[in-house]
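Protein chains in written order, with this note's numbering: chain A, 195 to 306; chain B, -9 to 106.
Here a beta-carbon is modelled for each residue, glycine too, at the ideal position from N, C-alpha and C.
Here the structure comes first, spelled out in structure tokens, and everything after it is commentary.
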Amino acid sequence: KQEVTQIPAALSVPEGENLVLNCSFTDSAIYNLQWFRQDPGKGLTSLLLIQSSQREQTSGRLNASLDKSSGRSTLYIAASQPGDSATYLCAVLPGANSKLTFGKGITLSVRP
Amino acid sequence: NAGVTQTPKFQVLKTGQSMTLQCAQDMNHNSMYWYRQDPGMGLRLIYYSASEGTTDKGEVPNGYNVSRLNKREFSLRLESAAPSQTSVYFCASSATGASSGANVLTFGAGSRLTVL
């Protein structure tokens, strides 16, 4: 059974810092990996999707990488801002017609 | 551009009462999902519907029923609510196939349910 782990559960950094959020998964046979953002009291918003054949995806200040062989993905946030404060979840899709397995998320606080 | 709309946003029930959470999407997505989110447990899949007319159990289906009314709508029913069903419920949808947007979930804003 695929398990997705995100450690630490919470992170606090000063504004302007570059940071890396980690995600690990137990089964390297995945179809894709997705990163989501969740603001307090809101639903999840998709940030980046990395197909199994890809190594990374970029969107603005966000860069997500995927290393299937080691079962790891990282979300890199450049020049963090207070508006980046949210919970970031990663999710793994084992196969094209299977269902996402979510990590429990990392709650990020960016201090002004 | 409504995306995924859930109603109600908040609901308080007494143990044993029934209710239905409604979900509708306007993106012509084939697949729809119901998740619950609890502190320390993360997101857990309750039921999903890969296409109109089909539904399947997820990780935690007990105590719930679903109906895929048409391609747009997917409802979640609690027949006899229990305090353990106090949670935030999210509906989501996704396209299927080989397009670049396939399998990307779009979530609703959530429905916060309290069972006393």
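In terms of beta-carbon proximity, A:Q228 lines the interface with chain B, with at least one pair separated by less than 8 Å.
The DSSP assignment places complete beta strand (DSSP E) segments of no fewer than 3 residues inside the stretch 54 to 79 of chain B at 54 to 58 and 64 to 68, in order along the chain.
Spanning the alpha carbons of A:V198 and A:C284 requires a straight line of approximately 8 Å.
Chain-ordered, the chain B residues with CB closer than 9 Å to the CB of A:S240 read V94, L95, T96 and F97. With contacts defined as CB atoms closer than 8 Å, A:E209 and A:S274 qualify as a contacting pair. DSSP, read as helix, strand or coil, puts A:D278 in helix.
The Cβ atoms of B:S83 and B:R58 do not sit closer than 8 Å to each other.
In terms of Cβ geometry, A:S218 and A:G265 form a close pair [threshold 8 Å]. Considering only beta carbons, the part of the stretch 206 to 237 of chain A lying closer than 9 Å to chain B consists of Y225, N226, Q228, F230, Q232, G235, K236 and G237, in chain order. Residue range E250 to S253 is occupied by the beta strand (DSSP E) that includes A:E250. DSSP places A:Q245 inside the beta strand (DSSP E), whose first and last residues are L238 to Q245.
Cβ atoms of A:I244 and A:L260 come within 8 Å of each other, at about 4 Å. Every beta strand (DSSP E) stretch that sits fully inside the stretch 1 to 46 of chain B and reaches 3 residues is listed by chain position as 9 to 15, 21 to 28 and 32 to 39. In this structure, A:A223 sits away from A:I300, with a CB-CB distance that is not shorter than 8 Å. Around B:D46, the same chain offers Y37, Y38, S39 and A40 as residues with beta carbons nearer than 8 Å, after the five sequence neighbours per side are excluded. The C-beta separation of B:L103 from B:Q(-4) comes to about 11 Å, leaving the pair out of contact by the 8 Å criterion. Interface criterion not met: the Cβ of B:Y37 is under 8 Å from no Cβ in chain A. For A:L243, a Cβ of chain B is located within less than 8 Å of the residue's own Cβ.
Close to B:G100, with beta-carbon spacing below 8 Å, are these residues of chain A in chain order: G235, K236 and G237.
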